[in-house]
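>
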Amino acid sequence: MTAAIVGTGSALPERTVPNSHFEAIGSSDAWIVKRTGIRERRFLPEDGHLADLALAAAREALAGSGRTAADVGHVVVATTTPDRTTPGLAVEVAARLGADRAAAFDLHAACAGFVYALDHAVALIESGRAGTVLVCGAEALTRITDHEDRSTAVLLGDGAGAVVVADVAGAVPDAVPAPAFRLGSDGNLVPLLHADRYDRKLRMDGPEIFVHAVEKMSAAAREVLARRELTADDVDLFVAHQANARIVRAVGKELGVLPERLYLNVDRVANTSSASIPIALHQARGEGRLGRSGLVEGDRDGGGGGVGDPVDV
Numbered sequence: 048m049t050a051a052i053v054g055t056g057s058a059l060p061e062r063t064v065p066n067s068h069f070e071a072i073g074s075s076d077a078w079i080v081k082r083t084g085i086r087e088r089r090f091l092p093e094d095g096h097l098a099d100l101a102l103a104a105a106r107e108a109l110a111g112s113g114r115t116a117a118d119v120g121h122v123v124v125a126t127t128t129p130d131r132t133t134p135g136l137a138v139e140v141a142a143r144l145g146a147d148r149a150a151a152f153d154l155h156a157a158c159a160g161f162v163y164a165l166d167h168a169v170a171l172i173e174s175g176r177a178g179t180v181l182v183c184g185a186e187a188l189t190r191i192t193d194h195e196d197r198s199t200a201v202l203l204g205d206g207a208g209a210v211v212v213a214d215v216a217g218a219v220p221d222a223v224p225a226p227a228f229r230l231g232s233d234g235n236l237v238p239l240l241h242a243d244r245y246d247r248k249l250r251m252d253g254p255e256i257f258v259h260a261v262e263k264m265s266a267a268a269r270e271v272l273a274r275r276e277l278t279a280d281d282v283d284l285f286v287a288h289q290a291n292a293r294i295v296r297a298v299g300k301e302l303g304v305l306p307e308r309l310y311l312n313v314d315r316v317a318n319t320s321s322a323s324i325p326i327a328l329h330q331a332r333g334e335g336r337l338g339r340s341g342l343v344e345g346d347r348d349g350g351g352g353g354v355g356d357p358v359d360v
């Protein structure tokens, strides 16, 4: 079995929130851009449904994949902000998509969630247990944002992205071959980034997160590249979790990736956690920048220290 990404999709809320929105809590456009590279983000309405965004992204990914809903054997949705505690977001997405016979479940791993879900999808296909898997990352981070805390409120946005992973026989035009993965976790980092049960607001130690993210994302990426006997020069496009532009650029510098090969959309969508990478993949593909050799990297410190670093060749 040979797994590949054969379709991508994304969906963003209609409301665009510029940096000027945060002047009321003592921030400014100049400060936010300098520290994060973010200029605007999207907010889901308070009465909005994340399932609608996830479904829209899933439909777009499926439409471009050459597959139908009946072909989908599993639906995996990475999210930390579902519409309800149970049933999961994936169950609703599968039903509304028409994937009536698909197994469906949510995966909770914060910023690293999409890469964990992608790894699961590849494993299902390569083991012969599935032929087509829909993987979605969807977040309404504004639900867990302290909108009075300028250290976190300016960073976060809402959105959804999806990919269709399928067994492919031979070469498939525009398909992105399945990656090799480096997964891991570090629960010791929980105090640096967490949302507690009762507070339900995201808290983070930004400076410490920056240091750990750059160090550990770089190390994990080197390991995956070495496993495939590749160097940074072999990477056409580096698509990292869009935590902020400074982290992405710092990791790129550590790896020796040319600045023009770093994909950045954080200026337009901010940090969307598990939705970050699939949204970036879809936008990069739409811009004609996603070739057959790209490094896709999850956040080493997402949700207390999950890491996912796949490399596509």
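Note that the sequence shown covers residues 48 to 360 in the working numbering.
Note that beta-carbon positions come from the ideal geometry of N, C-alpha and C, so glycine has one too.
Could you pull the start and end residues of the beta strand (DSSP E) that T55 belongs to?
Segment A50 to A58, the beta strand (DSSP E) holding T55.
> Are there 16 or more other CB atoms within 10 angstroms of the CB of R88, so buried, or fewer, so exposed?
The residue is buried, with at least 16 neighbouring Cβ atoms inside 10 Å.
> Do A77 and E186 have their beta-carbon atoms positioned less than 8 Å apart in this structure?
No, these two residues do not count as a Cβ contact at 8 Å.
> Drop a sphere of 10 angstroms on the beta-carbon of L97, count the other beta-carbons inside from all chains shown, and report buried for 16 or more, exposed for fewer.
Buried, since its Cβ has 16 or more Cβ neighbours within 10 Å.
> Under 8 Å, with one C-beta from each stretch per pair, do the segment 65-81 and the segment 199-216 reach the 3-pair mark?
Enough Cβ pairs lie closer than 8 Å, so yes.
> Taking DSSP as the reference, what is the three-state secondary structure of N235?
It is helical.
> If you reduce the DSSP assignment to three classes, tell me which class P65 lands in.
If DSSP states are grouped into helix, strand and coil, P65 belongs with the strands.
> Roughly how many angstroms separate the alpha carbons of V354 and G84, rounded to a whole number?
Model confidence at V354 stands at a pLDDT of 39, short of 50, so the residue's coordinates are unreliable; what they give is reported in the following sentence. Near 23 Å, if we compare the C-alpha coordinates of G84 and V354.
> Given this structure, state the Cα-to-Cα distance separating D348 from G303, to the nearest angstrom.
Residue placement at D348 is flagged as unreliable, the pLDDT there being 43, under the threshold of 50; the coordinate-derived value follows with that caveat. In a straight line, the C-alpha of D348 is about 21 Å away from that of G303.
> In whole angstroms, what separates the C-alpha of H68 from that of V123?
The straight-line gap from Cα to Cα measures roughly 34 Å.
> Short of 6 Å in beta carbon distance, which residues of its chain neighbour R143, apart from the five on each side in sequence? Order them along the chain.
So the qualifying residues of the chain are L102.
> With H, G and I counted as helix, E and B as strand and the rest as coil, what does DSSP make of D348?
Reliability fails at D348, whose pLDDT of 43 lies under 50, so the model's placement of it is uncertain and no value is given.
> Since I191 contacts L249 with CB under 8 Å, what's their CB separation in whole angstroms?
Contact holds; Cβ gap of about 5 Å.
> Tell me the DSSP secondary structure of E334 in three-state form.
Coil, per DSSP.
> Below 8 Å, can you find three or more Cβ-Cβ pairs linking the segment 315-330 to the segment 125-141?
Touching, yes, given that three or more Cβ pairs across the two stretches are closer than 8 Å.
> Note down the Cα distance separating V53 from I326, rounded to an integer number of angstroms.
Computed Cα separation, rounded: 15 Å.
> Measure the beta-carbon distance from R332 to T55 and round it to whole angstroms, keeping in mind my assumption that it falls under 8 Å.
R332 to T55, Cβ: 5 Å. Contact.
> Closer than 7 Å to a non-hydrogen atom of the ligand PLP - does that hold for the CB of T319?
This structure lacks the ligand PLP; in fact it carries no ligand of any kind.
> Please classify D283: is it buried, with 16 or more other beta-carbons within 10 angstroms of its beta-carbon, or exposed?
It counts as exposed.
> Measuring CA to CA, which of C158, L181, D153 and A268 is closest to A51?
Checking every option, the nearest Cα to that of A51 belongs to L181.
> Give the secondary structure of G299 by DSSP, where H, G and I count as helix, E and B as strand, and everything else as coil.
G299: helix per DSSP, three-state reduction.
> If you draw a straight line from the alpha carbon of E301 to that of L272, how long is it in whole angstroms?
Approximately 13 Å, taken between the alpha carbons.
> Give me the Cα-Cα distance between P92 and R106, rounded to the nearest whole angstrom.
The straight-line gap from Cα to Cα measures roughly 21 Å.
> Among the candidates R296, F285, D214 and S232, whose CA atom is the shortest distance from the CA of E173?
The candidate whose alpha carbon is nearest that of E173 is D214.
> Specify the secondary structure class of R86 as computed by DSSP and reduced to three states.
Note: R86 maps to coil in three-state DSSP.
> A227 by DSSP, collapsed to three states: which one?
Correct three-state label for A227: strand.
> Which value, in whole angstroms, describes the spacing of the CA atoms of A287 and D314?
Their backbone Cα atoms lie some 14 Å apart in a straight line.
> To which residues does DSSP link G208 through a beta bridge?
Answer is S57 and G184.
> If you check the beta carbons only, do A146 and V119 fall under 8 Å apart?
It is a contact, given that the beta carbons lie within the stated cut-off.
> Classify T115: buried if its beta carbon has 16 or more other beta carbons within 10 angstroms, exposed otherwise.
By the 10 Å Cβ count, T115 comes out exposed.
> Just the C-alpha distance for D243 and M251, rounded to the nearest angstrom, thanks.
Straight-line Cα distance between these residues: approximately 11 Å.
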